[in-house]
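Enquirer: Here it is, the structure, as structure tokens.
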Amino acid sequence: MRGLPNAEAYPKDIMLRDGDKVSIRPLEPGDKIRLLEFFERVPEEERYYLKENVASAKVIQGWTNNMDLSKVIPIVAVCRDAIVADATLHLNRTPARHHLGEVRVVVDPAYREVGLGSRLIRELLDIASALGLTKVGFELVAQREKEAVCAAERVGFKEIATLEDRVKDFWGNYQDLILLEIPVSDRERWWKG
Ligand SMILES: CC(C)(COP(=O)(O)OP(=O)(O)OC[C@H]1O[C@@H](n2cnc3c(N)ncnc32)[C@H](O)[C@@H]1OP(=O)(O)O)[C@@H](O)C(=O)NCCC(=O)NCCS
């Protein structure tokens, strides 16, 4: 059964570009309230595009109570006892897709544009590499998650497909979904930036 391969490496204390210090570590069962409070600080329109209803206490409790690291590996960034970013690596359990993963990441609006999102994406790619995955994907709404598209491309993800009108936006208009991907063998490149 797969899990977090390098658990002993955490927590990792890092300094952001604005000088703030955050600690990166795996999500813990005791994080339920911190995680709920974090997602409450994320604007409703952004939450709308996420794949799960993160405003729901039940959903978050499900995450923190039933962690299954063979399915999803969640890491968080913590600053002054508050979660300020959440990032997840989603694994595929069927043997035919065992080599594939998918990342998702959300950063507190007050902690954006200082390198935290890309740092967490790179952290998840390191985990993917240690697990022996070969490709990691990122699914984003073209016109609505532009910052995430930029962040993913900055790390080295490349667009591999656009699925037209796949998502209905906050206002009811159809939007394209972009599939991005990175070969895990590109490790040298994603840390150089
Ligand atoms: C996408 C997101 C995670 C980026 O987090 P972040 O911590 O601000 O990202 P970084 O500071 O590491 O930025 C990485 C790159 O993204 C790009 N970028 C980030 N924010 C940007 C913005 N507002 N405008 C333009 N480019 C931007 C830049 O190219 C940046 O590279 P640089 O640091 O060399 O300038 C954050 O904006 C977010 O949480 N958005 C809402 C949730 C979301 O859409 N998640 C994706 C779906 S799961």
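Here the sequence shown is numbered in my numbering, starting from 1052 and rising by one per residue. Ideal Cβ positions, reconstructed from N, Cα and C, are used throughout, including at glycine.
Here's the rule I'm using: 16 or more other beta-carbon atoms within 10 Å means buried, otherwise exposed. How should residue 1226 be labelled?
Expert: Result: buried.
Enquirer: With the cut-off set at 8 Å, would you say residue 1235 and residue 1176 are in Cβ contact?
Expert: Their beta carbons are under 8 Å apart, which means residue 1235 touches residue 1176 by this criterion.
Enquirer: Can residue 1156 be considered in contact with ligand 1, in the sense that its beta carbon sits closer than 7 Å to one or more heavy atoms?
Expert: At least one heavy atom of ligand 1 is nearer than 7 Å to the Cβ of residue 1156, so yes.
Enquirer: Does the Cβ of residue 1097 lie closer than 7 Å to at least one heavy atom of ligand 1?
Expert: The answer is yes for residue 1097.
Enquirer: Check whether the region 1068 to 1086 and the region 1191 to 1211 touch, using three or more Cβ-Cβ pairs below 8 Å as the test.
Expert: Verdict: no, contact absent.
Enquirer: Taking just the CA atoms, how far does residue 1092 sit from residue 1222?
Expert: Roughly 21 Å between the two C-alpha positions.
Enquirer: In chain order, which alpha helix (DSSP H) runs of at least 4 residues are fully inside the region 1066 to 1141?
Expert: Correct list: 1083 to 1091, 1095 to 1100, 1108 to 1116.
Enquirer: Return the bridge partner residues of residue 1189 from the DSSP annotation.
Expert: Paired residues: 1231.
Enquirer: Answer with buried or exposed for residue 1171, where buried requires no fewer than 16 other C-beta atoms within 10 angstroms of its C-beta.
Expert: It is buried - the Cβ of residue 1171 has at least 16 other Cβ atoms within 10 Å.
Enquirer: Can you confirm whether the region 1159 to 1173 touches the region 1127 to 1141 when touching is taken to mean that 3 or more C-beta pairs between the two stretches lie within less than 8 Å?
Expert: Result yes; three or more Cβ-Cβ pairs closer than 8 Å.
Enquirer: Out of 1129, 1083, 1098, 1100, point me to the one whose CA is closest to residue 1109's CA.
Expert: Closest option to residue 1109, Cα to Cα, is 1083.
Enquirer: Return the residue from the list 1195, 1238, 1185 that minimises the CA-CA distance to residue 1174.
Expert: Checking every option, the nearest Cα to that of residue 1174 belongs to 1238.
Enquirer: Can you tell me whether residue 1126 is buried or exposed? The criterion is at least 16 other CB atoms within 10 Å of its CB, across all chains shown.
Expert: Buried, because 16 or more other Cβ atoms sit within 10 Å of the Cβ of residue 1126.
Enquirer: In angstroms with no decimal places, state the Cα-to-Cα distance between residue 1119 and residue 1085.
Expert: Rounded to whole angstroms, residue 1119 to residue 1085 spans 19 Å at the Cα level.
Enquirer: Is the closest heavy atom of ligand 1 to the C-beta of residue 1228 under 7 Å?
Expert: No; taking the cut-off as 7 Å, the Cβ of residue 1228 has no heavy atom of ligand 1 nearer than that.
Enquirer: Considering Cα atoms alone, identify which of 1096, 1194, 1184 is closest to residue 1152.
Expert: Ranking 1096, 1194, 1184 by Cα distance to residue 1152 puts 1184 first.
Enquirer: May I ask you to report which of helix, strand or coil DSSP gives residue 1220?
Expert: It is coil, neither helix nor strand.
Enquirer: Determine the burial state of residue 1196: buried for a count of at least 16 other Cβ atoms within 10 Å of its Cβ, exposed for fewer.
Expert: With 16 or more other Cβ atoms within 10 Å, it is buried.
Enquirer: Would the C-beta of residue 1130 count as close to ligand 1, meaning under 7 Å from any of its heavy atoms?
Expert: Residue 1130 Cβ: outside cutoff for every heavy atom of ligand 1.
Enquirer: Among 1055, 1186, 1201, which has the Cα closest to the Cα of residue 1031?
Expert: This structure leaves residue 1031 out entirely; the chain is present only between 1052 and 1244.
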